[in-house]
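Residue numbers (the numbering used here): 1 to 255.
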């Protein structure tokens, strides 16, 4: 079974070389992706494949539930490298329908396992949004809506980092997007969540919180709501907790 992976690798490399003899030479020289993808670890959601991009064209970070923890040095170092070194133009927060992490967040926490700690902000989001979710007609609809809300929650957390705020203060052209992927049809939906400037991020801070936005029709195109979200339910400040940011010199650190 393991040897099969090496066989597949040889076949893949040979196929790439046949179709583009200079592919690996160019790839070895540098990477210049325009996109940072923050997605879920689910094996059914491979970032490069679903957007049809080759290696070197998208910088990727994935974890269970596409969660942005403000104390996650792994994610923050990826974000910093992508923004400050690679100078990506787009940060894409992409969730997916049928996410096992979101499903787990609806369940009572276990005996303090790592996954329950990891999903704590998502579970808190589900608790705060329980009233809105309860009005939906089925468990499937509630799950889909929670997956969408989680994308918005994580997009807000990305936009609140000193890394993104600093880039916008420098007038660096970078946009944060919120998307969701349908496992059942292989299509991406733009949830209409987009921030391209510090003014937009600060306006979002002033406007409101999570829950109550109209639901995407996941059988068709997602509605676009403009570049700034309309006001939604209360509580996002609590979701950004767990870490205090301070500035040391020109750098931000967390403690």
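Each residue gets a CB set at the ideal place from its N, CA and C atoms; glycine is no exception.
- CA-to-CA, the gap between residue 156 and residue 20 works out to about 40 Å.
- Put simply, the backbone Cα of residue 71 is about 25 Å away from that of residue 34.
- Listed in chain order, the non-local C-beta contacts of residue 36 below 6 Å within the same chain comprise 59, 82, 88 and 91, local neighbours out to five positions each way being set aside.
- Taking the CA atoms as reference points, residue 152 sits about 10 Å from residue 180.
- Linking residue 129 to residue 144 through their CA atoms gives a straight-line distance of about 13 Å.
- Between the C-alpha atoms of residue 98 and residue 54 there is a straight-line separation of about 26 Å.
- For residue 42, no pairing in a beta bridge is given by DSSP.
- Listed in chain order, the non-local C-beta contacts of residue 175 below 8 Å within the same chain comprise 89, 90, 91, 194, 195 and 196, local neighbours out to five positions each way being set aside.
- When only Cα atoms are considered, residue 125 and residue 187 end up about 26 Å apart.
- Under DSSP, the beta-bridge partners assigned to residue 63 are 40.
- The beta-carbon distance between residue 198 and residue 165, rounded to whole angstroms, is 6 Å. This is short enough to meet the 8 Å contact definition.
- DSSP lists 38 and 178 as the beta-bridge partner residues of residue 93.
- For residue 132, the three-state secondary structure derived from DSSP is helix.
- Separation of the CB atoms of residue 122 and residue 65 is rounded to 6 Å, and the pair is thereby assigned contact status at 8 Å.
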